[in-house]
Amino acid sequence: MHDKNYSYPLDPSWSTAEIETVIAMFRAVEDAYEVGINRQQVMDCYRKFKMVVSAKSEEKRLGREFAKTTGGYQLYDVVKAAREQKAGQIKLSIK
């Protein structure tokens, strides 16, 4: 999908590869709300995301900014659903 017109919360100090990693995580969150996504894909993206954004406080800040920008897509809720579900697709709706 990814046809929404908003910007991702990014840190200008990140390298191009790090920006791509963070964007991949946000796109996985979008997919979880818009079309559904495989839980393993979410976990793979999150593992890579945590290599860039290791601090929990920064993760929370980016998640809040992303939710505000997207109208409610929650990074935390997607990762939580992926952790709780052992296999298959994840599909969430905005609360």
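Sequence positions in the sequence shown follow the working numbering and run 90 to 184. Cβ atoms here follow ideal geometry from the backbone N, Cα and C, with glycine treated the same way. All of these numbers come straight from a predicted model, not from anything done at the bench.
Cα-Cα separation between residue i and residue j, rounded to whole angstroms
i      : j      : result
ASP166 : ILE183 : 10 Å
ILE126 : MET114 : 12 Å
MET140 : GLU148 : 11 Å
ARG172 : VAL124 : 19 Å
ALA117 : GLN130 : 8 Å
LYS145 : PHE138 : 12 Å
Residue i, DSSP secondary structure in three states
i      : result
ILE179 : strand
Per-residue burial, residue i [other beta carbons within 10 Å of its own, 16 or more giving buried]
i      : result
ARG128 : buried
THR105 : exposed
Chain-order list of residues whose beta-carbon lies under 6 Å from that of residue i (same chain, five-residue window excluded)
i      : result
TYR122 : TYR162, LEU181
ASP120 : ILE126
GLY152 : LEU164, TYR165
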